[in-house]
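If you count by our numbering, then the sequence shown holds residues 651 to 926, one letter each, in order.
For reference, the structure discussed in these notes is given below.
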Amino acid sequence: MSDRLKSTNSVSNEEVIQDLTKNLEFSLRPDNDDGLNSSDHVESCASGDSSKASPSVDISFKDDDEVKNEQSDKDDSDTDSIDELSLKDAEVDLTDDQKSERRSIAETLKTMGNLAFKNEEYERSIDKYTEALKICPLQFNEQRAVLYCNRSAAKLKLERYKHAIKDCTKAVELDDKYVKAYYRRAQCYEITEKLDESLEDYKQMLLIDPSHKEAQSAMVRLPPLIAERNDKLKSEMLDKLKDLGNMILKPFGLSTQNFQMEQDPETKGYKINFKQ
């Protein structure tokens with residue numbers, strides 16, 4: 651026991667508790683050979699003002715799926731959203747010259763973002779595109795669409811697919827003929843196994859540009875994958891229904907094996923025959 655705990659008469663209860671939890675936290679701390687640096691540990695564990703909250707120790711263990719889901723949740727945090735209502739209010743009293751100046755600044759920021767992307771500095775490129783979106787006047791739809799689309803490319807590189815989809819959606823809302831934004835969103839949808847949505851985006855691309863090679867290829871590649879997935883889901887659903895039926899019939903000494911479905915060749919309907 652520490653000297654502080656031996657002399658509890660001269661210290662406050664809060665100090666005693668802090669001493670105990672400090673020792674407990676130290677004894678449960680994992681080794682640093684997991685590749686995490688000190689800043690990673692602080693970001694993942696720190697919460698609130700440590701001077702006001704009692705220290706807590708998380709000793710639960712997580713499997714790979716839980717860690718992956720946690721990371722996905724972190725990616726879902728919307729830290730670069732654009733408050734267009736505030737932008738609209740801020741632009742009310744701007745002159746045309748001031749708006750043009752802001753547009754020029756946004757273009758410079760976009761160039762910086764493009765350079766960062768080229769250098770594989772994807773976080774920095776996201777920051778620059780976000781800065782540009784926060785200053786580019788709302789009336790310049792095409793320029794803002796490009797900024798959203800470029801930002802989605804950086805998020806795609808960082809595997810932040812949900813946010814990349816969100817940026818692509820914003821881009822096509824601003825410019826519904828923007829093939830690159832549809833293409834990038836289609837890629838993200840396919841990666842996240844939203845095959846139907848991906849196929850719809852490829853169809854939209856072909857309406858705009860019938861000669862788009864990737865879209866043409868996707869129209870051949872995706873339908874069989876969608877059919878295979880649907881067959882798998884159908885099989886899983888039937889298996890679950892069969893298990894449920896067996897559970898209900900078991901008290902009566904029956905099972906789903908006692909019932910046979912036959913299709914009527916004329917009506918194409920089904921009838922159920924009971925067999926003992």
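Think of the CB as a built atom: it goes at the ideal place given N, C-alpha and C, for glycine as much as any other residue.
Please read all numbers here as calculations on a predicted model, not as lab measurements.
If Cys799 and Arg752 are in contact, beta carbons under 8 angstroms, what's the gap, nearest whole angstrom? Going by Cβ atoms, the distance from Cys799 to Arg752 rounds to 20 angstroms, so no, they are not a contact pair.
Rounded separation between Leu875 and Leu849 - CA only: Taken atom to atom, the span from the alpha-carbon of Leu875 to that of Leu849 is near 11 angstroms.
Mind reading off the beta-carbon distance from Phe909 to Ile922? Whole number of angstroms is fine, and I expect it under 8 angstroms. So it is a contact: roughly 5 angstroms between Cβ atoms.
Report the option in Leu788, Leu824, Cys838 and Thr758 whose CA atom is closest to the CA atom of Asp746. Among Leu788, Leu824, Cys838 and Thr758, the Cα nearest to that of Asp746 is on Leu788.
Beta-carbon proximity list for Glu840, same chain, < 6 angstroms, skipping 5 on both sides: Taken in chain order, the residues that qualify are Ser848.
Reduced DSSP category for Ile841 - H, G, I as helix; E, B as strand; rest coil: Helix at Ile841.
Hey, could you find the ends of the beta strand (DSSP E) Phe909 is sitting in? Taken as a continuous stretch (DSSP letters only), the beta strand (DSSP E) holding Phe909 covers Phe909 to Gln913.
Own chain residues within Cβ distance below 8 angstroms of Ser750, not counting five before or after: Taken in chain order, the list of residues that qualify is empty.
Give the C-beta separation of Ile776 and Arg801 to the nearest angstrom, bearing in mind that I take them to be a contact with Cβ-Cβ under 8 angstroms. The Cβ separation is near 6 angstroms, so the contact holds.
To the nearest angstrom, report how far apart Glu916 and Met869 are at their CA atoms. One C-alpha to the other measures close to 35 angstroms.
Which listed residue (Asp914, Gln907 and Lys918) has its alpha carbon closest to that of Lys925: For the options Asp914, Gln907 and Lys918, the alpha carbon positioned closest to that of Lys925 is the one of Gln907.
Could you please give the first and the last residue of the uninterrupted alpha helix (DSSP H) stretch that includes Cys818? Tyr811 to Leu824 is the extent of the alpha helix (DSSP H) around Cys818.
Rounded Cβ spacing between Tyr929 and Lys816 (contact assumed at less than 8 angstroms): Because the chain spans 651 through 926 in this model, residue 929 falls outside it and cannot be assessed.
Taking only three categories from DSSP, how would you classify Asn769? In the structure shown, Asn769 adopts coil according to DSSP, grouped into three states.
Classify Asp932: buried if its beta carbon has 16 or more other beta carbons within 10 angstroms, exposed otherwise. Any question about residue 932 goes unanswered here, given that the chain covers just 651 to 926.
Whole beta strand (DSSP E) runs in the region 840-881 with 3 or more residues, listed along the chain? If we require 3 residues or more, the region 840-881 turns out to have no beta strand (DSSP E) run fully inside it.
DSSP three-state assignment for Lys921, whether helix, strand or coil: Looking at Lys921 - three-state DSSP - the assignment turns out to be strand.
Identify whether Pro901 lies in helix, strand or coil by the three-state DSSP scheme. Pro901 sits in a helix when the DSSP states are folded into three classes.
My assumption, with CB atoms under 8 angstroms, is that Leu765 sits in contact with Ala782. Please give the rounded CB distance. About 13 angstroms separates the two Cβ atoms, so there is no contact after all.
According to the neighbour-count rule (16 or more other Cβ atoms, all chains shown, within 10 Å of its Cβ), is Arg879 buried or exposed? Arg879 counts as exposed, since fewer than 16 other beta carbons sit within 10 angstroms of its beta carbon.
Asp733: first and last residue of the uninterrupted alpha helix (DSSP H) it sits in: No alpha helix (DSSP H) holds Asp733; DSSP gives it neither H nor E.
Supposed close pair Ala865, Leu872 - CB separation, criterion 8 angstroms: So it is not a contact: roughly 10 angstroms between Cβ atoms.
Between Tyr811 and Ala836, is the Cβ-Cβ spacing less than 8 angstroms? Inclusion of Tyr811 and Ala836 in the CB contact set at 8 angstroms is not warranted, their separation being larger than that value.
Inter-residue spacing [alpha-carbon to alpha-carbon] between Gly919 and Phe790: In a straight line, the C-alpha of Gly919 is about 58 angstroms away from that of Phe790.
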